[in-house]
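Residue numbers (this note's numbering): 23 to 573.
Idealized CB from N, CA, C, for every residue including glycine.
Following: one structure in structure tokens, then a few remarks.
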């Protein structure tokens, strides 16, 4: 998701407002936080917070329709995206309670011709551990394909012959394909369409009168259009046939109906409490590692309080619902813009305030020597790697070749990952050497173990604007895009399309990207003229200069 720089700064500033104690002051705090996140003249959203089924806060923000200049209303209807998955999961659990399936049944019991279906269980579809490729990530899921209606069976056939990403049960990989199969299985068992089943078994009995299966033809009162932010303006979101998200993401609802849904869930009206407890528990892989995902819900926490939650992102919309079972706290954030501020951060901030455990960050200052103690490559439980490196006077945290985040020191061995609610808590051995960290945030904790890989400190060197200007120009990667190097206010920037990043000099003709794990080395000929560049980013790519600004 992309956030405009102005909205982003307002959002971050709002996070550090003093936290008041009274309910009325909480409302003022929430208003300030949300109105800065959703400007009045931009696509907006609806936020609802409740405790013990009592609504504490219900607010509409921004515009429901830009073309008609209509303000958002609290009962507007939004696409839910992947929040749909909890409805699909509960449908499967309902059928299991009725004895019509077992979560250990193989897929082939219901789809006999599905390749490798005998090795994949229903439970693995629910928990994203089946290894089935995510069809929305396939190269053939083109813009043209996204405009075409498919039946449930045609959608299954769209990905059925793709090889598995891993053996079932051995890894976690989020896959919409698994929930497409679950929707199709519901249809095979009940003889009804997925849309009809959900409506008859959940929406109608629970009086969820603003909840629907989405389609482009039906007139749906209070439905809002979705928008995306492109460059420096909003556009209507790209068309998507809602036959394609299907049981993984095609439902519509509003905040009030979602509260009804959780009231019914928690009172045992949807499925049994025992079934829900399993749905809200993290699944385990065959090696015993927790995945952080149950049956249609992600598992997390807010300041130590257990949470179940899900985000949905679909053309023009971001939806988010979180529930704290022990405190009976509920929050829903529904937006009609793809570039919405991270709803997990927004909701967690508000819920933490209601828990009287506000997120409170005060930055301290570290010396260069103190920072360097944390500089390592760390291996995570899933085998992936994270790097902590000293760069330009800051500690940066990143996956190799990926975007970097600044680590903000809060105390000895405690850091916040910039612009997030996630902390790194480092551990030391008896000699005082940093050996590991625990990443703590709104998800399950993650452990990282330091290895012996060398990580270099990168320090900015002084290069005059005249010297920097020699590098400016357009460079052509083959194959690849044009990379433009610009000089602005005495600093060098590299830009592809609208993506611009500062390039910081650290050796002669060598620069590192401030926000990305990449190094640019400019290549010169015998006459000391720049002829091209080499980009080091999880591999090496070369580009030739095609338009020099510096000569």
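Could you give the DSSP three-state label for residue i: helix, strand or coil?
{"i": "residue 498", "result": "strand"}
{"i": "residue 504", "result": "strand"}
{"i": "residue 266", "result": "coil"}
{"i": "residue 188", "result": "coil"}
{"i": "residue 43", "result": "Note that residue 43 scores a pLDDT of 43, beneath 50, so its modelled location is shaky; the value from the coordinates is reported in the next line. It is coil, neither helix nor strand."}
{"i": "residue 178", "result": "helix"}
{"i": "residue 516", "result": "strand"}
{"i": "residue 81", "result": "strand"}
{"i": "residue 93", "result": "strand"}
{"i": "residue 545", "result": "strand"}
{"i": "residue 569", "result": "strand"}
{"i": "residue 329", "result": "strand"}
{"i": "residue 487", "result": "helix"}
{"i": "residue 199", "result": "helix"}
{"i": "residue 461", "result": "strand"}
{"i": "residue 116", "result": "helix"}
{"i": "residue 53", "result": "helix"}
{"i": "residue 528", "result": "strand"}
{"i": "residue 183", "result": "coil"}
{"i": "residue 477", "result": "coil"}
{"i": "residue 33", "result": "In this prediction, residue 33 scores a pLDDT of 36, lower than 50, which makes its location untrustworthy; no coordinate-derived value is stated."}
{"i": "residue 553", "result": "strand"}
{"i": "residue 48", "result": "helix"}
{"i": "residue 204", "result": "helix"}
{"i": "residue 100", "result": "strand"}
{"i": "residue 242", "result": "coil"}
{"i": "residue 339", "result": "strand"}
Is it true that the CB of residue j sits closer than 8 Å to the CB of residue i?
{"i": "residue 96", "j": "residue 84", "result": "no"}
{"i": "residue 69", "j": "residue 330", "result": "no"}
{"i": "residue 537", "j": "residue 523", "result": "yes"}
{"i": "residue 352", "j": "residue 345", "result": "yes"}
{"i": "residue 550", "j": "residue 495", "result": "no"}
{"i": "residue 374", "j": "residue 324", "result": "yes"}
{"i": "residue 372", "j": "residue 142", "result": "no"}
{"i": "residue 275", "j": "residue 552", "result": "no"}
{"i": "residue 406", "j": "residue 421", "result": "yes"}
{"i": "residue 101", "j": "residue 336", "result": "yes"}
{"i": "residue 106", "j": "residue 369", "result": "no"}
{"i": "residue 381", "j": "residue 472", "result": "no"}
{"i": "residue 437", "j": "residue 429", "result": "yes"}
{"i": "residue 248", "j": "residue 259", "result": "yes"}
{"i": "residue 516", "j": "residue 509", "result": "no"}
{"i": "residue 506", "j": "residue 431", "result": "no"}
{"i": "residue 223", "j": "residue 113", "result": "yes"}
{"i": "residue 148", "j": "residue 118", "result": "no"}
{"i": "residue 130", "j": "residue 121", "result": "no"}
{"i": "residue 468", "j": "residue 402", "result": "yes"}
{"i": "residue 115", "j": "residue 144", "result": "no"}
{"i": "residue 212", "j": "residue 219", "result": "yes"}
{"i": "residue 256", "j": "residue 88", "result": "yes"}
{"i": "residue 567", "j": "residue 497", "result": "yes"}
{"i": "residue 503", "j": "residue 518", "result": "yes"}
{"i": "residue 246", "j": "residue 206", "result": "no"}
{"i": "residue 278", "j": "residue 332", "result": "no"}
{"i": "residue 304", "j": "residue 466", "result": "yes"}
{"i": "residue 283", "j": "residue 228", "result": "yes"}
{"i": "residue 445", "j": "residue 463", "result": "yes"}
{"i": "residue 108", "j": "residue 290", "result": "no"}
From the DSSP output, which residues share a beta bridge with residue i?
{"i": "residue 562", "result": "558"}
{"i": "residue 76", "result": "73"}
{"i": "residue 404", "result": "For residue 404, which the question treats as bridged, DSSP gives no partner whatsoever."}
{"i": "residue 87", "result": "92"}
{"i": "residue 235", "result": "273"}
{"i": "residue 534", "result": "526, 541"}
{"i": "residue 68", "result": "82, 356"}
ask   = What are the uninterrupted segments assigned as alpha helix (DSSP H) that are 4 or more residues long and contained completely in the stretch 343-380, given in chain order?
value = 365-376
query = Is the stretch 477-493 in contact with the stretch 454-469, if contact means three or more CB pairs nearer than 8 Å?
reply = Contact fails: fewer than three Cβ-Cβ distances are below 8 Å.
Secondary structure, beta strand (DSSP E): runs of 3+ residues fully inside the stretch 244-320 = 249-252, 255-258, 273-275
ask   = Quick one: complete beta strand (DSSP E) runs, 3+ long, within the stretch 124-168?
value = Counting only runs of 3+ residues, no beta strand (DSSP E) is found wholly inside the stretch 124-168.
inquiry  = Below 8 Å, how does it come out for the stretch 141-156 and the stretch 178-188: are there three or more Cβ pairs, yes or no?
reply    = Contact holds between the stretch 141-156 and the stretch 178-188, because three or more Cβ pairs, one in each stretch, are under 8 Å apart.
task = Count the C-beta pairs between the stretch 73-80 and the stretch 249-266 that are closer than 8 Å, then say yes if the count reaches three, no if not.
result = The stretch 73-80, when compared against the stretch 249-266, does not touch it at the 8 Å Cβ threshold.
message = Pairs of beta-carbons, one from the stretch 485-499 and one from the stretch 418-437, closer than 8 Å: are there three or more?
response = No, the stretch 485-499 does not touch the stretch 418-437.
ask   = Using 8 Å as the Cβ pair cut-off and three pairs as the minimum, do the stretch 188-197 and the stretch 297-315 touch?
value = yes
task = Flag this pair as touching only if the stretch 228-248 and the stretch 191-205 have three or more C-beta atom pairs under 8 Å; answer yes or no.
result = no
Secondary structure, alpha helix (DSSP H): runs of 4+ residues fully inside the stretch 375-454 = You should have 390-394.
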